[in-house]
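Residue numbers (my numbering): 3 to 314.
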């Protein structure tokens, strides 16, 4: 019998790719999404094959309704989140409502439904600023924004529920994910923002001096890292999902300009509060303790992403 997987945020950028992967490996997929940032267009190729429930994880009734409609859910992949630093600074209560309370709602329903596996998507934002690079999972956590704090708090709830209720739990700390379907409206979508600006004849904006670094990981590599934990087991709770490579924003834009045939001519603006100067994550644990490896290097991922936005 096909395993049933609930994907929260399944109409979003990462979520829709996870759904594609789950269908590819013959899973029965249920999606819960309030379509605040996701869109059904992301599910164009898969909507007929999934059960879609529109609702918000902050409303317990909406979450309960999904589990009532689908009492046989085996696994939960929790991707729905408030994922922007800026709004978390402006309204930390709303950020906590989605990222903490929403996660608790899902954990409660999962516990009562005897869900076997709960996979939580966290963020490199929990680490904050550090001079020790690449960042390993054991590194001290020191988030710089309410967003990072809420993601870290949710991690602790997931870990605690796993211990208390004998649920298999995994926490995956994503580096900067990029690829087709990413919205330019997201702060972390710098690659999409640069590509769309260049395609539309606009000068891309770099916040700060451009020397800040990030670890860019292609969305299809991320979806494989997420889905593998439905079948694979390990003793560890937290894994970094990353390329393990450090790329400056300046260097990134130069590569995109070269790939799109545009001149490198950015506008520099003041750096944003809460932004981290340098960040890249060690992915050795994930590679060693699972079957996962990075399949798509940055240049290949950029080619596929640029091609996608040119065809839009």
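Beta carbons are placed, not taken as given, at the ideal position from N, Cα and C, and that holds for glycine. All of these numbers come straight from a predicted model, not from anything done at the bench.
Item to complete: Would you kindly work out how many angstroms separate the C-alpha atoms of residue 103 and residue 260, rounded to a whole number?
Response: 44 Å
Worksheet entry | Outcome for residue 3 when other beta-carbon atoms lying within 10 angstroms are tallied against a minimum of 16 | exposed
Worksheet item: Whose C-alpha, out of 223, 310 and 178, is nearest the C-alpha of residue 201?
Response: 310
Discussion item. At the level of alpha carbons, what is the spacing between residue 144 and residue 155?
Written reply: 12 Å
Worksheet item: Three-state secondary structure (DSSP) at residue 187?
Response: coil
Fill in: Whole-number beta carbon distance between residue 52 and residue 59, since they are thought to touch under 8 Å
That belief does not hold up - the Cβ atoms of residue 59 and residue 52 are roughly 17 Å apart, past 8 Å.
Worksheet item: For residue 141, which residues from the same chain have a beta carbon less than 8 Å from its beta carbon, with the 5 sequence-adjacent residues on both sides left out?
Response: 129, 132 and 134
Practice prompt. Specify the secondary structure class of residue 211 as computed by DSSP and reduced to three states.
Written response: coil
Worksheet item: Helix, strand or coil: which one does DSSP assign to residue 35?
Response: strand
Worksheet item: Quick check: the region 265-284 against the region 225-239, are there 3 or more CB pairs under 8 Å?
Response: no
Worksheet item: Is residue 84 buried or exposed, if buried means 16 or more other CB atoms sit within 10 Å of its CB?
Response: buried
Item to complete: Please name the residue in 96, 69 and 87 whose C-alpha comes closest to that of residue 110.
Response: Taking only the C-alpha atoms, the option nearest residue 110 is 69.
Item to complete: Any chance you could list the alpha helix (DSSP H) runs of at least 4 consecutive residues sitting entirely within the region 45-126, in chain order?
Response: 62-71, 87-92, 94-98 and 104-114
Worksheet entry | Supposed contact pair residue 221 and residue 19 - C-beta distance, whole angstroms, cut 8 Å | Yes, they are in contact, since the Cβ atoms of residue 19 and residue 221 sit about 5 Å apart, within 8 Å.
Discussion item. Less than 7 Å between the C-beta atoms of residue 80 and residue 162, yes or no?
Written reply: no
Worksheet item: Below 7 Å between beta carbons: does that hold for residue 31 and residue 24?
Response: yes
Discussion item. Counting C-beta neighbours from all protein chains within 10 Å, is the total for residue 275 16 or more, i.e. buried, or is it exposed?
Written reply: exposed
Worksheet item: Alpha carbon to alpha carbon, what distance is there between residue 159 and residue 119?
Response: Taking the straight line joining both Cα atoms gives about 14 Å.
Worksheet item: In terms of residues, what are the limits of the beta strand (DSSP E) holding residue 198?
Response: From DSSP, residue 198 is part of no beta strand (DSSP E) but of the alpha helix (DSSP H) over 192-201.
Discussion item. Quick check for students: name the residue ranges of the alpha helix (DSSP H) that lie wholly in the region 207-263, counting only runs of 4 or more.
Written reply: 221-229 and 251-262
Practice prompt. For the beta strand (DSSP E) holding residue 153, just list the boundary residues, first then last.
Written response: The continuous stretches of beta strand (DSSP E) do not include residue 153, which lies in the alpha helix (DSSP H) extending over residues 148-167.
Worksheet item: Okay, do the region 243-251 and the region 32-42 touch, 3+ Cβ pairs below 8 Å being the bar?
Response: no
Worksheet entry | Three-state secondary structure (DSSP) of residue 298 | coil
Item to complete: For residue 72, collect the residues of the same chain with a Cβ closer than 6 Å to its Cβ; drop the 5 residues on either side in sequence, then sort them by chain order.
Response: So the list reads 32, once near-sequence residues are dropped.
Discussion item. Check for me: the beta strand (DSSP E) holding residue 170 runs from which residue to which?
Written reply: Per DSSP, residue 170 belongs to the beta strand (DSSP E) from 170-176.
Discussion item. Closest to residue 150 by C-alpha separation, out of 136, 98, 181 and 170, would be which residue?
Written reply: 98
Item to complete: Rounded to whole angstroms, what's the CA-CA distance from residue 100 to residue 304? Just pull it up for me.
Response: 31 Å
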